[in-house]
Each structure stands twice: as structure tokens, then as C-alpha cells.
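Chemist: Protein chains in written order, with the numbering used here: chain A, 29 to 243; chain B, 29 to 243.
Built from N, CA and C at the ideal position, the CB exists for glycine as well.
1. For chain B, check one thing: does any of its Cβ atoms lie closer than 7 Å to the Cβ of residue 37 of chain A?
2. Considering just the uninterrupted stretch of the beta strand (DSSP E) at residue 155 of chain B, what are its terminal residues?
3. Under 7 Å between C-beta atoms, does residue 42 of chain B make it to chain A?
4. Once DSSP output is grouped into helix, strand and coil, what is the label at residue 140 of chain A?
5. So, does the CB of residue 98 of chain A fall closer than 7 Å to a CB anywhere in chain B?
6. Which bits of chain A does residue 235 of chain B rub up against, with CB to CB less than 8 Å?
7. Quick one: what's got a C-beta closer than 6 Å to residue 239 of chain B's C-beta in the same chain, skipping five residues either side?
8. Just tell me which of B/39, B/111, B/44 and B/193 has its CA closest to the CA of residue 244 of chain B.
9. Touch check for the region 40 to 48 of chain A and the region 67 to 82 of chain A: three-plus C-beta pairs under 8 Å?
10. If you measure between the beta carbons of residue 216 of chain B and residue 32 of chain B, is that distance less than 7 Å?
11. Check whether the Cβ of residue 47 of chain B lies closer than 7 Å to any Cβ atom in chain A.
12. Considering only C-alpha positions, which residue in the set A/79, A/98, A/54 and A/87 is nearest to residue 233 of chain A?
13. Is there at least one non-hydrogen atom of the ligand HEM closer than 6 Å to the beta-carbon of residue 243 of chain B?
14. Given residue 205 of chain B, which residues of its chain have a CB within under 8 Å of its CB, disregarding the five upstream and five downstream residues?
15. For chain A, find out if any of its Cβ atoms is closer than 7 Å to the Cβ of residue 220 of chain B; answer yes or no.
16. In whole angstroms, give me the CA-to-CA distance for residue 120 of chain A and residue 60 of chain A.
17. Mapping the DSSP letters down to three states, classify residue 67 of chain A as helix, strand or coil.
18. What residues are listed by DSSP as bridge partners for residue 135 of chain A?
19. How long is the line joining the alpha carbons of residue 246 of chain A and residue 127 of chain A, rounded to whole angstroms?
20. With the cut-off set at 7 Å, would you say residue 98 of chain A and residue 175 of chain A are in Cβ contact?
21. By the criterion of Cβ-Cβ separation under 7 Å, what are the contact partners of residue 204 of chain A in chain B?
22. With DSSP as the reference, label residue 116 of chain A as helix, strand or coil.
23. Beta-carbon of residue 213 of chain A versus every beta-carbon of chain B: anything under 7 Å?
24. Would the beta-carbon of residue 138 of chain B fall within 7 Å of that of residue 186 of chain B?
25. Sorted by chain position, which residues of the same chain lie with C-beta nearer than 6 Å to residue 243 of chain B's C-beta, five sequence neighbours on each side aside?
26. Run through chain A and tell me which residues come within less than 9 Å of residue 33 of chain B, C-beta to C-beta.
27. With a 10 Å radius around its C-beta and 16 neighbouring C-beta atoms as the bar for buried, classify residue 162 of chain A as buried or exposed.
28. Which residues in the same chain have their Cβ closer than 7 Å to the Cβ of residue 157 of chain B, if we skip the five residues on either side of it in sequence?
29. Using only CA atoms, which one of B/202, B/124 and B/236 lies nearest to residue 152 of chain B?
30. When you check each C-beta in the region 149 to 180 of chain A against every C-beta of chain B, which residues fall closer than 7 Å?
31. Report the option in A/81, A/37 and A/72 whose CA atom is closest to the CA atom of residue 62 of chain A.
32. For residue 213 of chain A and residue 57 of chain B, what's the separation of their Cα atoms in angstroms?
33. For residue 209 of chain B versus residue 47 of chain B, is the C-beta spacing smaller than 7 Å?
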């Protein structure tokens, strides 16, 4: 069965998945980079950026499993890039260089149609202007027997969560306070009762929690 | 030196210190009791309610240390009781029975003056209608060389935190989603930068985090 997953999404103690004032120089907002330091300390995190070394611990195990079994990815436009409004003439093709680490179709939620962008290594960015259900339908179709990953940001995950469309979510709770930014959990309302935490475990850096849909 | 402390304040994964719809039958809101189950599993938590047994683990160590060195307590009126508005003729004297577990002066924030209530065992509830600074001044005076505990609820702690008046805070992050309620961390803003997490450690039930003022 295909599942809709969230993997290693990092939030601060005060609940933010990105800090305040996101822009091209601060893609994760002010202080938001603190949310991902634990990743770049791990072996698999360092491998992702072409570096050696790194820890082989529980953090590494969680990060290494990030795309295991995943056949398609969904992300919000603000995760794809810093531009807002119509696309215009820009040639932005994501934060991840010429060969992004996805190696499958990545469906980008947007209000503005845009042609697909084919990258090296099997990643194609496909732009969906029909809403979260349309993006999920296209991603499920592309994933085949594999799972669909909702990569982020916070607002995108929150929309899928409120709609009860996430099956299994692994979060990293990072012990920092950001003071503001984009919250992951905001007025989940009754959909919260459909989820339960089935695992929580600490490394010296973060607490990993795993939440599953129980209904 | 006297410090202003928060001890074992429990919040959900989605950041709530109490669930939605607080009233006399649900003093912690709907689902809010889930936040404190870890306490009543410990030896010191069970002792507090006159029961035997319980775990002697890290949760117990954190809870047992809750009032060590504390000479006065501050709480919001909504933690003291379910009544809102003027006090009227009621004889409410807290949730804690005839001999509350404080054994010192407890300063209750309120907008409505009310005579002190002396309880058995050394607890006196004193009602302060002059705001958070006035309550802190009175509590520091009462505590002498000892520390002042800001017991809760979420809104009271948040006010002291925003004002930069908390020195050391121990929280228990409980792996449940409540979906709504009273948030501890809301728009801390720049005061967040004055705090850092100096410890975080998991039990099978919760993650304990300790946050200190660094500036």
C-alpha cells in the first residue's frame, strides 16, 4: 500500500519549521538554519552535500532513511524557491543545484502554471496549480507502488495534515527557540485526534518523534 | 541569588499547555490530562496524591525536584480555579484540597481584589491585582533567599517569559497532539534570543528540556 509520508521535518521548541523573515539570503528565515545542524553532523547528511565524515548514530539512521521507498515528492512553492507571485522570466530551478537529490518527480504547489523543469539524475520539477488534492493525485500516479513524501515547508505539511492525508510523519524536535516564523502545528482541530505518537527517542541533538494516523 | 523558575511544565507536541474548552469538569481542557500522565506514573507524583508505588526513573527525578529551593509560587487565576470575572460569594480555595502541596505563599494573578486564604500546612493564597511585576515583587519578598516558582498556566508563564523575567525553565514535551488549547510559546519575538536550551533528555514517556536565560 502506498503511504503519504513526512520525514525528518525539523521544528523548534516553539513549534516553527522555519524562522521569521524568509528571503533568498535566509531561505529558512532568521535562525532557521539551526533546525538542520543535526543533519549536517551525520554521515548521510554530509554525503548529501558531497562531504566526508559525520556521525553514524540514531540521527544518521533517521536521516539516511529519509527517502527509502519514496517514488514521488510534493513540496510547497516557498520550499522550492524564494520567488513569490507570477514566475516571470526567471530561470530558478530550485536550491539543489543541477542534480537535485530527489531522482524522481517533484510536484511543486503553485498558484501560477509553469512548464516542467527536467534536471540531471532523474529529478523533474512539475508545477501543480490545482491544489493539494490534485498534487497528491499526480504524485500517487507517479509513485506507482512506492510512497509519496510531503517534503515541506510547514504550511504545505499543515494543509495535508488538516485534510487527514498524511499517514506517517517523522519529526525532529530541535531544542532551540526561534521566537517566530512558520508554525507546523496550528489549529489542527479535530484531525489531531486521528493521529498518535508511536515512537519518540532522543539523540544528544534532537528528539525524533513518529506520528501515525490511527483512524 | 534568587532565581525565577518554571518546573515540569508539560506541553504537547503541538505546543499546548492545556487542551481546548477548559471548565470545572475539564480543568486542563479536553485531552489536557494526557499532559500529566507521566507525573502520576512516578513515585514522587504518586506520593503527592497519597498513593504508593510508581517509577524511580528520570521522570521521577525531575518531578521530585519540582519545589526544591522554592520559597514562593506565582500562578494565574485560571490555574487557581475555574471561575472567571468577579469573585462573588464563592468559597473556592483551589484544586488542591485543605492542605495544598505548596507550604508557602502562593501569589494568584487576578484583576479582582480578594482577601488572602490561609490553608493548612503553611500555604497561603494571596491575590495580586497589580500585574505580573507586582506579583513577582511580592513573591521575591516572601521567598527571601529561596527561589520563586512560576507554576502556570501557559498564559502566565508566557507573560513572564516575554518580559524576560524567567531565569530557568524545565519543560516536559509530551508526545501527544491536542489540536488546540492554550499555547506556551506564542510570538516570543526577540526575547527568544535571550534563552538557550542547556539540556534535553528523553524518558520513555516525555522529553525533558531545560532552558536558561543566557543574557
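Modeler: Inspection of the coordinates gives the following:
1. To locate residue 37 of chain A, count along the first chain from 1; it is residue 9. Not an interface residue.
2. In the second chain, residue 155 of chain B corresponds to position 127, counting from 1. Where residue 155 of chain B is concerned, the enclosing beta strand (DSSP E) stretches over 152 to 156.
3. As a working note, residue 42 of chain B is residue 14 in the second chain. True, the Cβ-Cβ gap to chain A drops below 7 Å.
4. As a first step, residue 140 of chain A must be located in the first chain, where it is residue number 112. Coil, per DSSP.
5. Position 70 of the first chain holds residue 98 of chain A. Chain B contact via Cβ: absent.
6. Residue numbering aside, residue 235 of chain B sits at position 207 when the second chain is read from its first letter. By Cβ distance, chain A contributes 201, 228, 230 and 235.
7. Position 211 of the second chain, counted from the first residue, corresponds to residue 239 of chain B. Taken in chain order, the residues that qualify are 197, 223 and 225.
8. In the structure as shown, chain B starts at 29 and stops at 243, and residue 244 of chain B therefore has no counterpart that could be examined.
9. no
10. Your numbering for residue 216 of chain B matches position 188 in the second chain. Your numbering for residue 32 of chain B matches position 4 in the second chain. It is not a contact, given that the beta carbons lie outside the stated cut-off.
11. Against the second chain, residue 47 of chain B aligns to sequence position 19. For residue 47 of chain B, the answer is no, since every Cβ of chain A falls outside 7 Å of its Cβ.
12. Here residue 233 of chain A refers to the residue found at position 205 when the first chain is read from its first residue. The residue with the shortest Cα to Cα distance from residue 233 of chain A is A/87.
13. By its list of ligands, the structure shown contains no ligand whatsoever, and the ligand HEM lies outside what it can speak to.
14. One-based indexing of the second chain puts residue 205 of chain B at position 177. 40, 41 and 42, listed in sequence order.
15. Counting from 1 along the second chain, the entry for residue 220 of chain B is found at position 192. Interface residue, yes.
16. Working through the first chain from its first residue, we reach residue 120 of chain A at position 92. Working through the first chain from its first residue, we reach residue 60 of chain A at position 32. Cα-Cα distance, rounded: 22 Å.
17. In the first chain, the residue the question calls residue 67 of chain A occupies position 39. The answer is helix: DSSP assigns residue 67 of chain A an H, G or I state.
18. Start at 1 with the first residue of the first chain, and residue 135 of chain A comes out as number 107. Residue 135 of chain A pairs with A/102 and A/154.
19. Chain A is shown only over 29 to 243; residue 246 of chain A falls outside these bounds and no answer can be derived.
20. Counting from one through the first chain, the residue named residue 98 of chain A turns up at place 70. Counting from one through the first chain, the residue named residue 175 of chain A turns up at place 147. The answer is yes: Cβ separation under 7 Å.
21. Residue 204 of chain A sits at position 176 when you count from the first residue of the first chain. Neighbours of residue 204 of chain A on chain B, chain order: 225.
22. For the purposes of this step, residue 116 of chain A is taken as the residue at position 88 of the first chain. The answer is coil: DSSP assigns residue 116 of chain A none of H, G, I, E or B.
23. Stepping through the first chain from its first residue, residue 213 of chain A is reached at position 185. Taking Cβ atoms only, chain B reaches closer than 7 Å to residue 213 of chain A, which makes this a yes.
24. Counted from its first residue, the second chain places residue 138 of chain B at position 110. Counted from its first residue, the second chain places residue 186 of chain B at position 158. Taking 7 Å as the Cβ cut-off, residue 138 of chain B and residue 186 of chain B do not qualify as a contacting pair.
25. Within the second chain, residue 243 of chain B is the residue found at index 215, counting from 1. Cβ-Cβ distances below 6 Å link residue 243 of chain B to 222 in the same chain, with the five nearest sequence neighbours on each side left out; the list follows chain order.
26. Against the second chain, residue 33 of chain B aligns to sequence position 5. Under the 9 Å cutoff, chain A gives no residues; its nearest Cβ is about 17 Å from residue 33 of chain B.
27. In the first chain, residue 162 of chain A corresponds to position 134, counting from 1. In this structure residue 162 of chain A is exposed. Its beta-carbon is surrounded by fewer than 16 other beta-carbon atoms within 10 angstroms.
28. Position 129 of the second chain, counted from the start, is the residue given in the question as residue 157 of chain B. If we look at residue 157 of chain B and ignore the five residues flanking it on each side, its Cβ neighbours are 138, 139, 140 and 141.
29. The count along the second chain starts at 1 and reaches residue 152 of chain B at position 124. Residue 152 of chain B has its Cα closest to that of B/124, out of B/202, B/124 and B/236.
30. none
31. The residue labelled residue 62 of chain A in the question sits at position 34 within the first chain. Measuring from the Cα of residue 62 of chain A, the nearest candidate turns out to be A/37.
32. As a first step, residue 213 of chain A is located in the first chain; it is residue number 185 there, counting from the start. As a first step, residue 57 of chain B is located in the second chain; it is residue number 29 there, counting from the start. In a straight line, the C-alpha of residue 213 of chain A is about 18 Å away from that of residue 57 of chain B.
33. Within the second chain, the letter at position 181 stands for residue 209 of chain B. Within the second chain, the letter at position 19 stands for residue 47 of chain B. Against a cut-off of 7 Å, the Cβ pair of residue 47 of chain B and residue 209 of chain B comes out as a contact.
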